[in-house]
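Per the numbering used here, the sequence shown starts with residue 239, numbered consecutively.
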Amino acid sequence: MPMSGSPSAADTVRSETPAAERSRTEVYPVVGMHCAGCAATIERVLRAQPGIAQAEVNFAAQTLTVRYDTRRWNAERLREQVRQLGYDLVLSAEHLESPQRERVAQLRRRATVAVIFAVPVIALSMLLHGRVPALLLLALTLPVVWSGREFFLTAWKQARRRQASMDTLVALGTGAALLLSLVGTFAPEFVQRLGFATPLYYEAAAAILAAVLVGRFIEERARLQGSRAIERLLALQPKTARRVREGAEEEVPVALLREGDTIRVRPGERIPVDGVVIEGSSAVDESALTGEPIPVEKLPGMRVWAGTVNTTGSFLLRAEHVGAATVLAQVVELVRRAQTQKAPLQRTADRVAAVFVPIVLLLALVTALGWGLLGPEPRWAYAFLTATSVLLVACPCAFGLATPMAFLMGIGRAAEQGILVREPTALEQLWRCSAVVLDKTGTLTEGKPTVVEQFWVHDSPEHRAALAALEARSEHPLAAAVLNVLGPPEPTVPVEHFQALPAQGVRAIVAGRTYSIGTPRILPEALLPQPLRERLSEWEAAGYTLVLAAAEEEPIAAFALADVPRPAASEAVEYLRSRGVEVHLLTGDHAAAAARIARLTGIEHVRAGMLPAEKAEYVRALQQRGHRVAVVGDGINDAPALAQADVAIAVGTGTDIAVETAALVLVGGNIHRLVAAWQLSERLYRIVRQNLAWAFGYNVLALPIAAGLAYPWTGWLLSPMLAGVAMAASSVSVVLNSLRLRRVRFVHQGPRQSPSTA
239 MPMSGSPSAA DTVRSETPAA ERSRTEVYPV VGMHCAGCAA TIERVLRAQP GIAQAEVNFA
299 AQTLTVRYDT RRWNAERLRE QVRQLGYDLV LSAEHLESPQ RERVAQLRRR ATVAVIFAVP
359 VIALSMLLHG RVPALLLLAL TLPVVWSGRE FFLTAWKQAR RRQASMDTLV ALGTGAALLL
419 SLVGTFAPEF VQRLGFATPL YYEAAAAILA AVLVGRFIEE RARLQGSRAI ERLLALQPKT
479 ARRVREGAEE EVPVALLREG DTIRVRPGER IPVDGVVIEG SSAVDESALT GEPIPVEKLP
539 GMRVWAGTVN TTGSFLLRAE HVGAATVLAQ VVELVRRAQT QKAPLQRTAD RVAAVFVPIV
599 LLLALVTALG WGLLGPEPRW AYAFLTATSV LLVACPCAFG LATPMAFLMG IGRAAEQGIL
659 VREPTALEQL WRCSAVVLDK TGTLTEGKPT VVEQFWVHDS PEHRAALAAL EARSEHPLAA
719 AVLNVLGPPE PTVPVEHFQA LPAQGVRAIV AGRTYSIGTP RILPEALLPQ PLRERLSEWE
779 AAGYTLVLAA AEEEPIAAFA LADVPRPAAS EAVEYLRSRG VEVHLLTGDH AAAAARIARL
839 TGIEHVRAGM LPAEKAEYVR ALQQRGHRVA VVGDGINDAP ALAQADVAIA VGTGTDIAVE
899 TAALVLVGGN IHRLVAAWQL SERLYRIVRQ NLAWAFGYNV LALPIAAGLA YPWTGWLLSP
959 MLAGVAMAAS SVSVVLNSLR LRRVRFVHQG PRQSPSTA
């Protein structure tokens, strides 16, 4: 997605198919949608247009995903088509954040005005029934109608195109009450002759419009909260940068930066692009991308990332990725794309909402005819009131919001926890998995060697200084691990005749003595003392990598290196097992190393020496045994297994988030985020089930009551005012229930239970 300051002109995700280069897919924010019926209307109209291959509207995210033929369509023509339906598209990147905020502010003003004037209308009508001048009630109701005018305008635009939505129901219901009240104001005898007990229903129209406006304000504010994760990510991108050309610095907008530019970053500033340090050094806070709180030292040749913070020194960097190509931009795109996609449950709910409005209109007509032809006197007065109540009590919004609002909140909460959702379906299905397959290197472990044990035959400061000087010259990855325990080399220690020994190690003359360090083969086994030989045998059996150091032909030290488990890896495994999940460890490493990691993390099912294709076959075998399988890997050697999995999860470092085969990405290499994802999946499923159950149950109960089916036994009819308030309350309840996802507390253990029962 375009970042703030990106040169892109639209909030678009563009892709061109090889077979049809004139086909383009774009994602636009939509302004003015009020319910799932609005989304269904836009989808239906656009899909019927020649040249549009795909049109999918996400009501909760307020976005349109459209694929069209560029020979027939462009952004402006799409916008005009949507405007004819009473809505609008946002095309300019400069206004990406403003429409939603403006919409919330607008609804706040309109809802406030509506409530201020609706309250006295309701109070006067109920407390002084029949004794309030009709013109006074009309005067107080007009500001409420003006505040809710968009319901009538949108309904009219849709009616002209033979479409209907939630606005149609509100406009018909309140319009009927207003029309009857106007006739009752200027011709009360005529209304009374029709059998109405009271000719005025201003309080019903005012209460309905005010309640719906308040409900929509709450929905929009909740939707804005759901997108806060994206806003926080966008805020990490600085607006300007210091570009260096021919030794002179100039402050320029980030949008003007190009690959290869040299940029100066001062202490306390955010880094504007992805690049490589070419001069200077510093410590950079990368917690925004990796989640790691400790600043990382940066020296020439090391990479830095856009959105991270330079904490201490000043340095120059060479830009490698700018604008939408930066890691930060990719993170934003992943979150945004996930929030615009629809999960299967959401598509089902949308289909229900799409046919709901026509069904309600038909039910209102049947209700009116039933009461008018078969009901007691005054039959047509009852017919009018019950039909109006049916129109107002029906709530397709509850269906339309039940799933997408929960996913919107869940995906935003996941992003806050360092979990990037590429496919919403994965977040929905994760908790159902009965088996989890974990890769070892880079997933359960740090992915780099660490000295875990040392054995010194002859320990002295001179030996340590000499070995440190030797390892500092080596480029072998094990050398850095050994150097970490020896300490930094002293610049005064002379190193001469440095040479690499193929498949063995390195050798040099340090302070006049010959030192060597490498595999145990650097010395004949006969020269090793018995205690050292025994320790080396123990380490080898445990799966450690061995490093031996010698001075002349005499052993002085040995080091055991291993790839250590990530922090909280064992806690994550324990959590999964407490949920009744089988945990499997698959690795291409040798059996001893695999067994050691399995022992440290508490994993029972271990397979070592596996090739990538064998891992995929292992996952397939688990699936054939009836398991739903989640695979967690680093996305490289694990790609076939990730592709085979029911839920594919990549463990990233904040710089490799674009793993094509992963549905979820755990940023920062923190395996414990798998626990958070699991708990969020459980809570998401539970809340979606609750929302759908409430939406279905409400409409099943409310519609028959509004139609007057209980009248023969109770003698009571639902008033239009109560029907409208109940409808607004139904939508608000779904929104408030979804907001609970923003308050999820992530725990480390607990007995497994079905989310549907909690």
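All C-beta atoms, glycine included, are put in the ideal place defined by N, C-alpha and C.
Predicted model only: the values in this text are computed from it and were never measured.
Taking 8 Å as the upper bound for CB-CB distance, Leu601 and Leu941 are in contact here, some 7 Å apart.
Beta-bridge annotation (DSSP): Asp307 is paired with Ser261.
DSSP places Asn312 outside both helix and strand once states are collapsed to three, so it counts as coil. Between Arg339 and Leu327, the gap from beta carbon to beta carbon reaches 7 Å or more.
Assignment of Asp512 by DSSP, reduced to helix, strand and coil, places it in the strand class.
Between Ala888 and Val903, the C-beta spacing is below 7 Å.
Rounded to whole angstroms, Pro476 and Pro510 show a C-alpha spacing of 6 Å.
Cβ contact annotation for Ile290 (same chain, cutoff 7 Å, sequence separation greater than five): Leu284, Val304, Tyr306 and Trp311, in chain order. Apart from sequence neighbours up to five positions away, the residues of its chain that approach Leu814 with a beta-carbon distance below 6 Å are Val674 and Val821, ordered along the chain. Trp954 is classed as exposed because its beta carbon has fewer than 16 other beta carbons within 10 Å across all chains shown. In the assembly as shown, Asn548 is a buried residue. Its beta-carbon has 16 or more other beta-carbons within 10 Å. Across the structure, Pro767 and Val690 are spaced so that their CA atoms are roughly 21 Å apart. Counting only the Cα atoms, Met647 lies some 19 Å from Arg341. For Gln861, the enclosing alpha helix (DSSP H) covers residues Pro850 to Gln862. A direct Cα-to-Cα measurement between Trp394 and Ala402 gives close to 9 Å. By the criterion of a C-beta distance shorter than 6 Å, Leu930 is surrounded in its chain by Ala640, once the five residues flanking it on both sides are discounted. Here Thr730 is exposed: its Cβ has fewer than 16 other Cβ atoms, across all protein chains shown, within 10 Å.
Note that the C-beta distance between Gly453 and Val970 is below 7 Å. Note on Ser363: 16 or more other CB atoms within 10 angstroms of its CB, so buried under the neighbour-count rule. If you draw a straight line from the Cα of Val320 to the Cα of Ile280, it comes to about 7 Å. At the C-beta level, Ala444 and Val351 stay beyond 7 Å of one another. Contact annotation: Ala521 and Pro533 have beta-carbon atoms nearer than 7 Å. According to DSSP, Thr783 shares a beta bridge with Leu799.
If you compare the alpha carbons of Ala836, Met643 and Ile909 with that of Glu458, the shortest gap goes to Met643.
Counting of Cβ neighbours within 10 angstroms places Ile597 among the exposed residues, the total staying below 16. Separation of Ala703 and Ile516 (C-alpha to C-alpha, rounded to the nearest whole angstrom) is 30 Å. The bridge partners DSSP lists for His559 are Asp512. The shortest CA-to-CA distance from Ala807 to any of Leu708, Tyr620 and Asp677 is the one to Asp677. In the three-state reduction of the DSSP assignment, Leu947 falls in the coil class, being assigned neither a helical nor a strand state.
Put simply, of Val429, Glu427, Leu418 and Ala425 the residue whose alpha carbon is nearest the alpha carbon of Glu441 is Leu418. Less than 7 Å divides the Cβ of Arg651 from the Cβ of Arg980. In the structure shown, Trp694 falls within a strand segment according to DSSP collapsed to helix, strand and coil. Beta-bridge pairing by DSSP links His843 to His822. In this structure, the straight-line span from the alpha carbon of Leu378 to that of Gly324 is close to 27 Å. The C-beta distance from Thr683 to Pro803 rounds to 6 Å, short enough to meet the 8 Å contact threshold.
Ranking Phe797, Leu366 and Leu824 by CA distance to the CA of Pro758 puts Phe797 first.
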